[in-house]
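**Q**
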Amino acid sequence: MVTCQYFTLLVADNRISMSSEISEEQKQDIKEWFDICDTDKDGKLAKEEIATLLRVVGNNPTEDDITRIFTEVDTDGTGLIDVEEFQAYYVKNIANVDEKQTLIEAINSFDKNNDGFIQRDELMKFMKDLSEEQAQGMLDMADKNGDGKVDIEEFVELMMAM
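Below is the structure:
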C-alpha cells in the first residue's frame with residue numbers, strides 16, 4: 001500500500017518513473033496513493049485534500065498556491081480532481097523533473113544542521129525503521145572518499161545506484 005509520505009520515495013527509487021511514459025504498475029501506484037489521499041472516498045480530490053497532500057509531502061503552500069495548483073490540475077473545471085486529471089498532471093509536471101535534482105532536494109531534508117553532510121542521527125530521524133547498524137552501513141557505503149563524512153552528492157550517488 002502506498003501512503004502520501006511514501007510517494008516521494010517511490011519517485012526516488014524509480015517505482016514511479018521520471019519519464020513521460022508510465023507503466024500499468026506505476027498507474028496503480030498513483031491510483032493507490034490517490035485513493036489514500038481521497039479522505040472522503042468519493043473518487044475525487046477536493047481543494048482541502050490537495051492542500052493536505054501538499055503539506056504532507058513537505059510543502060507549506062499559501063492559499064494562493066493551493067488555488068493555483070488546484071486550478072491547474074482540475075482541467076475540466078468541476079471543482080474536483082479525478083484520478084485521470086491527477087495522473088495527467090503527474091505525467092506533465094512531475095514525470096519530467098530531473099531525477100537527481102529531485103533526490104538532492106529530498107535528501108537535503110536529512111541535513112538538519114545544514115553542514116552539508118548527512119550524519120547517522122539525521123538519517124535515522126528520517127528513516128525511522130533503520131537500526132543504528134543499518135543507518136551506519138548506508139553511510140559507510142556512501143562515503144566514497146573515506147573521510148568519515150557523507151556529503152549530499154555521495155548520498156545521492158548511493159541512492160541512485162540502489
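Counted the way the UniProt record's numbering counts, the sequence shown spans residues 1 to 162. We put the CB at the ideal spot given by N, CA and C, even for glycine.
Smallest Cα separation from Glu85: which of Leu139, Leu45, Gln134?
**A** Comparing Cα positions, the closest option is Leu45.
**Q** Please report the distance separating the alpha-carbon of Tyr89 from that of Asp147.
**A** Answer to the nearest angstrom: the Cα atoms are 42 Å apart.
**Q** In this structure, does DSSP put Ile22 in helix, strand or coil?
**A** It is coil, neither helix nor strand.
**Q** Span of the alpha helix (DSSP H) holding Gly146?
**A** No alpha helix (DSSP H) contains Gly146, which DSSP labels as neither H nor E.
**Q** By the 10 Å Cβ neighbour count, where 16 or more other Cβ atoms means buried, how is Lys144 classified, buried or exposed?
**A** Looking at its Cβ environment, which holds fewer than 16 other Cβ atoms inside 10 Å, Lys144 is exposed.
**Q** Got a sec? Which residues, its chain only, sit under 6 Å from Asp35 by beta carbon, not counting five neighbours each side?
**A** Excluding sequence neighbours, Asp35 sits near nothing in its chain.
**Q** Counting pairs of beta carbons, one from the segment 151-159 and one from the segment 133-142, are three or more of them closer than 8 Å?
**A** With the cut-off at 8 Å, the segment 151-159 and the segment 133-142 touch.
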